[in-house]
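Count along the sequence shown from 1, then add 6; that gives the number in this note's numbering.
Idealized CB from N, CA, C, for every residue including glycine.
Note that the structure is a prediction, hence the values are computed from the model and not measured.
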Amino acid sequence: MNIKAIAIAGDAGSGKTTAAGEIAARLPGWRVVSTGQRFREYCRERGIDPSAIASLPDEIHRAADDDMRRLLAGSQRVIAEGRLVGWLAAGDPTLLRVWCDAPLDTRAARYAFREGIDIQSAREEIAHRDAADAEKFQRLYGIDYRDPRLYDLRVDTGRLPPDAVARAILDRLQRDP
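This is the structure:
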């Protein structure tokens with residue numbers, strides 16, 4: 007297996023964090039890196055309030071994304087999860103890029119459970135976040151982070167349980183030269 011890292015992307019509630027954890031549990035020595043957590047750490051290290059993410063200048067987002075891109079390029083045995091990570095990993099044949107896909111209702115139910123809110127509020131928050139992120143990534147990079155061409159594998163995390171999602175990703179990992 008020549009794949010040195012796995013990039014798992016998806017919208018809010020799509021199961022990317024769960025998939026990353028399931029894979030890490032099956033691949034000894036591999037570690038999970040959350041792009042969201044890494045972004046917050048990046049901000050804190052520079053004295054920037056990460057709770058103001060939406061209002062941060064584009065330069066901060068670009069610099070943090072460049073930091074994540076360097077981590078992916080220079081790492082071994084990393085499972086990175088986040089919305090933009092598939093695009094950040096584009097063009098590197100040693101990185102497996104996975105898109106986790108689930109219907110809005112499934113994502114809203116997961117998000118509502120995780121955040122302790124009702125389904126309708128979750129649906130609205132997800133829709134707002136999805137739209138804001140799509141606009142931000144279009145503005146910053148001129149891309150659609152959901153573009154299927156960015157990914158080596160798309161997994162229906164709405165239909166498959168977490169262990170089957172992990173198996174599908176690991177099967178693809180084993181098939182890649």
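Using alpha carbons as the reference points, say which of the options lies closest to residue i.
i	options	result
E28	I12, D169, V39	D169
R145	R68, G35, G97	R68
A115	G92, D139, Q126	Q126
I9	T100, W93, D139, L62	T100
L33	I132, R83, S61, D107	R83
S81	L102, L62, S61	L102
H134	A60, G21, A70	A60
Can you tell me whether residue i is buried or exposed? The criterion is at least 16 other CB atoms within 10 Å of its CB, across all chains shown.
i	result
R89	buried
G19	buried
R52	exposed
R50	exposed
R129	buried
Between the alpha carbons of residue i and residue j, how many angstroms are there, rounded?
i	j	result
I123	P109	18 Å
T112	D177	25 Å
P183	I12	Legend: pLDDT at P183 = 49, less than 50; position of this residue unreliable, no value from coordinates given.
F45	A15	15 Å
P167	F119	17 Å
D72	T41	11 Å
A25	V91	14 Å
With DSSP as the reference, identify every bridge partner of residue i, one or two as the case may be.
i	result
V38	I85
A15	W105
Check the C-beta distance from residue i over to residue j and give it rounded, since I have them as a contact under 8 Å.
i	j	result
V38	L77	Incorrect: roughly 12 Å between the Cβ atoms, too far for contact.
D158	V104	7 Å
L179	A96	Not quite, the Cβ-Cβ distance comes to about 18 Å (not below 8 Å), so this is no contact.
A79	D98	6 Å
Taking 8 Å as the cut-off, is the C-beta of residue i nearer than that to any heavy atom in the ligand PLP?
i	result
A31	Absent from the structure shown: the ligand PLP. Ligands present: none.
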